[in-house]
Amino acid sequence: MQTTNNGSANGSNFRFLHLEDVYKSYDRVILDDIDLSVSKGEFCTVVGPSGCGKSTLLRLILGVESPDSGTLHLRGNEIGYPSPSRGIVFQRYSLYPHLTVLENVMLGRTLPTSFFERRSKKKEFIEEAEYYLKRVRLEGQGDKYPHELSGGMQQRVAIAQSLLTSPDILLMDEPFGALDPDTREEMQLFLLELWDDQKMTVFFVTHDLEEAFFLGTRVLVLSQYYTDGRGDNHEKRGAKIVGDYPLEKAGIYSTKIKNNPDFIQLTEEIRSVGFDPKIRQHVNEFNLKHPDSFRTLTQEEAGS
Amino acid sequence: MKNHNQVWGLHAQPSKKTNIILLLMPFVLLLAVYLTASHLRQQENQHDKLLPSATQIVDAVDRVAFTEDRRTGKFLLWSDTLSSLIRLVIGMAAAALVGLLLGLNMGVYPGFRSLSLSFITFFSMIPPLAILPIIFISFGVDEFAKIMLIFIGIFPMISRDIYLAVRKLPREQITKALTLGASSFAVTYRIILPQILPRLIDAIRLSLGAAWLFLIASEAIAAMDGLGYRIFLVRRYLAMDVIIPYVLWITLLGFLFDLILRTIINKRFTWYADNK
């Protein structure tokens with residue numbers, strides 16, 4: 017094994033979220049030796065061509081899939097089945113249609129509580145849920161059912177629902193993918209404010225590069241378009257993290273950043289290294305600039 | 009463009025009045041055909057029993073519903089209705105409860121699914137009427153056997169319907185509940201079950217017709233009272249003047265049940281009714 021960059025290969029120095037040598041395949045290899053370390057408070061976005069395994073990576077961290085090999089740790093604990101330490105917002109289906117908005121937000125308290133305790137603590141739970149509804153700017157909407165709200169409002173409820181349990185990390189799987197462009201931009205700004213405020217750690221999967229740059233403090237590029245010591249037989253290999261960039265966050269968030277020249281240049285770079293099947297970097301040329309970035313390659317991959 | 013067409017074609021927009029007229033038309037038509045045919049036969053033979061006239065039917069209804077039976081001292085239609093409904097409701101309730109629990113657990117727990125899905129699918133293919141003799145032999149000819157026939161005929165249908173409904177719920181819902189701290193029990197009975205309840209009511213609505221069939225079949229074979237029993241008893245005397253009102257009464261009961269269940273869905277499960 018050969019280690020590069022700043023991280024550790026021996027597992028003694030666990031970061032907040034730490035993945036090492038993670039492989040996952042179905043009928044073909046999807047994730048091919050993923051090494052990833054994420055610090056607390058990071059807004060980590062993941063981009064990559066469709067079908068590269070972004071969602072698979074998220075599902076591994078969520079615990080609905082298990083890796084073929086490799087380890088996943090959150091705060092030093094091995095990741096198991098889905099649990100309250102990892103919150104999740106899906107693109108759809110995060111809300112329960114038979115519950116009102118308030119009841120949906122309250123679930124994080126009511127679900128783990130027994131029937132009798134629920135009755136005595138009801139008032140407390142309602143107050144807490146109402147506080148979170150206020151945070152996502154949906155005061156007074158608590159008595160409605162999810163289907164009576166717009167798509168953007170539904171996602172805000174889903175975020176409130178996840179925040180209530182204060183998860184260590186909030187996982188988001190293309191949460192704004194089904195929204196129209198205006199609502200989407202509004203939700204991006206809203207999420208950033210909330211992130212800044214709550215000091216959350218976010219792991220955000222998207223296929224939209226612009227969204228990834230605008231939101232993230234760190235962008236990961238996941239792609240199967242690369243070459244390594246295993247030669248040119250591309251079929252047998254899965255996606256790796258081919259780019260890992262820290263992003264400067266200005267104090268004030270404005271969508272104007274989307275027209276910034278640096279931003280446009282970075283977009284171009286990522287498009288070519290991650291999204292273009294014809295351009296294949298060698299593993300040793302990957303741009304892994306982020307200070308948390310580390311990588312362990314097998315001898316075969318490194319080609320030495 | 010103004011659309012005046014109320015009845016014909018793809019773009020028809022029936023007004024409220026037209027709607028009611030159209031809705032009543034087949035009923036009125038059927039009644040007219042019957043009365044005409046009955047009248048023609050009565051003209052030919054006053055003692056015709058096959059198509060009794062309206063007055064004969066009214067007389068018969070008065071006899072069975074509003075006059076005490078000389079032999080038993082009961083009002084036959086009402087005592088028959090009560091006996092039948094008790095059987096139907098108990099059989100249906102048992103089938104609904106067992107069907108719900110089986111379907112729910114098969115949908116949520118893979119191990120339980122492997123254990124029971126194939127068996128229940130196989131079991132549901134048994135025509136209940138074909139095993140009617142077995143049921144009567146093993147459970148006697150009393151109430152229990154009749155309730156069992158309804159139960160055995162209905163619960164596999166409901167189990168399978170509930171199972172399909174549970175499987176159609178997005179998997180994300182279970183994952184989400186787990187991240188909110190739910191136990192498996194809470195996922196099953198507090199997240200999935202409440203969402204399936206309106207579907208259970210729909211399943212009951214759809215299987216009510218079959219339940220009536222099983223009820224009447226069992227009453228026809230061995231009973232001392234009940235709507236089905238009466239129909240098959242008076243059949244011996246070709247008493248169409250009793251059979252026809254009984255059939256109409258059963259139909260009306262079925263229609264009322266359906267209406268009540270539908271109202272419950274619309275009132276109690278607005279989220280389900282709106283999303284349908």
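Protein chains in written order, with our numbering: chain A, 17 to 320; chain D, 9 to 284.
Each residue gets a CB set at the ideal place from its N, CA and C atoms; glycine is no exception.
Taking residue i as part of the alpha helix (DSSP H), name the residues at either end of that continuous run.
i         : result
D/Val-66  : 62-74
D/Val-106 : 84-116
D/Lys-284 : Where D/Lys-284 is concerned, there is no enclosing alpha helix (DSSP H), given that its DSSP letter is neither H nor E.
D/Ile-162 : 151-176
A/Ser-288 : Where A/Ser-288 is concerned, there is no enclosing alpha helix (DSSP H), given that its DSSP letter is neither H nor E.
A/Val-117 : 117-126
D/Arg-198 : No alpha helix (DSSP H) holds D/Arg-198; DSSP gives it neither H nor E.
A/Lys-70  : 70-78
D/His-47  : 24-52
A/Ser-178 : 167-179
D/Pro-141 : 140-147
Cβ closer than 8 angstroms: which chain A residues qualify as neighbours of residue i?
i         : result
D/Leu-208 : Near D/Leu-208 there are no residues of chain A at all, since even the closest Cβ is about 13 angstroms away, more than 8 angstroms.
D/Ala-225 : Residues of chain A passing the Cβ test: none, with the nearest at roughly 37 angstroms.
D/Gln-181 : Tyr-109 and Tyr-112
Report the rounded CA-to-CA distance for residue i versus residue j, giving the unit in angstroms.
i         : j         : result
D/Asp-282 : A/Leu-154 : 22 angstroms
A/Leu-180 : A/Ala-145 : 7 angstroms
A/Arg-134 : D/Asp-70  : 57 angstroms
A/Gly-103 : A/Val-80  : 13 angstroms
D/Arg-121 : D/Gly-115 : 7 angstroms
D/Tyr-237 : D/Ala-230 : 8 angstroms
A/Trp-211 : D/Ala-103 : 51 angstroms
A/Ser-24  : A/Ser-55  : Residue placement at A/Ser-24 is poorly supported in this model, since its pLDDT is 43, which falls under 50; the coordinates still yield a value, given next. Cα-Cα distance, rounded: 14 angstroms.
D/Leu-38  : D/Ser-23  : 24 angstroms
D/Ser-143 : D/Trp-86  : It should be pointed out that residue 143 of chain D corresponds to Ile in this sequence rather than to Ser. Distance between the alpha carbons of D/Ile-143 and D/Trp-86 is about 27 angstroms.
D/Leu-30  : D/Val-36  : 10 angstroms
D/Tyr-280 : D/Pro-206 : 7 angstroms
A/Phe-220 : A/Gln-170 : 18 angstroms
A/Glu-201 : A/Asn-275 : 14 angstroms
A/Gly-232 : A/Cys-68  : 20 angstroms
A/Glu-140 : A/Ile-280 : 48 angstroms
D/Ile-268 : D/Arg-213 : 10 angstroms
A/Thr-61  : A/Ser-309 : 14 angstroms
A/Thr-243 : A/Glu-58  : 29 angstroms
A/Val-152 : A/Asp-213 : 12 angstroms
A/Val-209 : D/Val-106 : Here residue 209 of chain A turns out to be Glu, not Val, going by the sequence shown. Cα-Cα distance, rounded: 50 angstroms.
A/Ala-174 : A/Asn-303 : 35 angstroms
D/Arg-276 : A/Thr-222 : 39 angstroms
D/Thr-129 : D/Phe-163 : 11 angstroms
D/Ile-272 : A/Ser-130 : 28 angstroms
I'd like the span of the beta strand (DSSP E) that includes residue i, first residue to last.
i         : result
D/Arg-243 : Here D/Arg-243 belongs to no beta strand (DSSP E), and DSSP marks it neither H nor E.
D/Arg-207 : Note, D/Arg-207: premise wrong, no beta strand (DSSP E); alpha helix (DSSP H) at 201-229.
A/Gly-96  : It is not in any beta strand (DSSP E) - A/Gly-96 carries neither H nor E in the DSSP assignment.
A/Arg-311 : 310-313
A/Val-62  : 59-63
So which residues of chain D does residue i contact, with C-beta pairs closer than 8 angstroms?
i         : result
A/Leu-78  : Thr-183 and Thr-187
A/Ser-361 : Outside the modelled stretch of chain A, which goes from 17 to 320, sits residue 361 of chain A, for which no answer is possible.
Whose Cβ in chain A lies nearer than 7 angstroms to the Cβ of residue i?
i         : result
D/Asn-283 : Pro-113 and His-163
D/Ile-199 : Tyr-112
D/Pro-202 : His-114
D/Ala-194 : Leu-127
D/Trp-279 : Pro-113, His-114, Tyr-161 and His-163
Identify every residue that forms a DSSP beta bridge with residue i.
i         : result
A/Lys-150 : In the DSSP output, where bridge partners are listed per residue, A/Lys-150 has none listed.
A/Lys-256 : A/Ser-239
A/Gln-297 : A/Tyr-242
A/Met-188 : A/Val-105 and A/Phe-220
A/Glu-209 : BP columns for A/Glu-209 are empty, so no partner.
A/Glu-36  : A/Thr-87
A/Leu-52  : A/Leu-35
A/Asn-303 : A/Gly-259
Run down chain D in chain order and give the residues with a C-beta less than 7 angstroms from the C-beta of residue i.
i         : result
A/Ile-104 : Thr-183, Lys-184 and Thr-187
A/Thr-181 : Leu-188 and Gly-189
Against residue i, what residues of chain D qualify as contacts under a CB-to-CB distance less than 9 angstroms, listed in chain order?
i         : result
A/Gly-158 : Here the premise fails: no neighbours, minimum Cβ distance about 15 angstroms.
Check the Cβ of residue i against every Cβ in chain A and list those closer than 9 angstroms, keeping chain order.
i         : result
D/Ala-190 : Leu-123, Leu-127 and Pro-128
D/Ile-285 : Outside the shown range of chain D, which is 9 to 284, sits residue 285 of chain D, and nothing can be said about it.
D/Pro-178 : Phe-106, Arg-108 and Tyr-109
> If you pair each beta-carbon of the region 244-261 of chain D with each one of the region 166-183 of chain D, do three or more pairs fall below 8 angstroms?
Replying inline: no
>> Any contact between the region 113-124 of chain A and the region 187-204 of chain D? By contact I mean 3 or more CB pairs, one from each, below 8 angstroms.
In response: yes
>> For the pair the region 184-191 of chain A and the region 148-163 of chain A, tell me if three or more CB-CB distances fall below 8 angstroms.
In response: no
> Just checking, does the region 223-231 of chain A make contact with the region 277-293 of chain A on the three C-beta pairs under 8 angstroms criterion?
Replying inline: yes
> For the region 215-227 of chain D against the region 152-159 of chain D, are there 3 or more C-beta pairs whose distance is under 8 angstroms?
Replying inline: yes
>> Does the region 90-100 of chain A come into contact with the region 253-264 of chain A, if we say contact requires no fewer than three beta-carbon pairs (one atom in each stretch) closer than 8 angstroms?
In response: no
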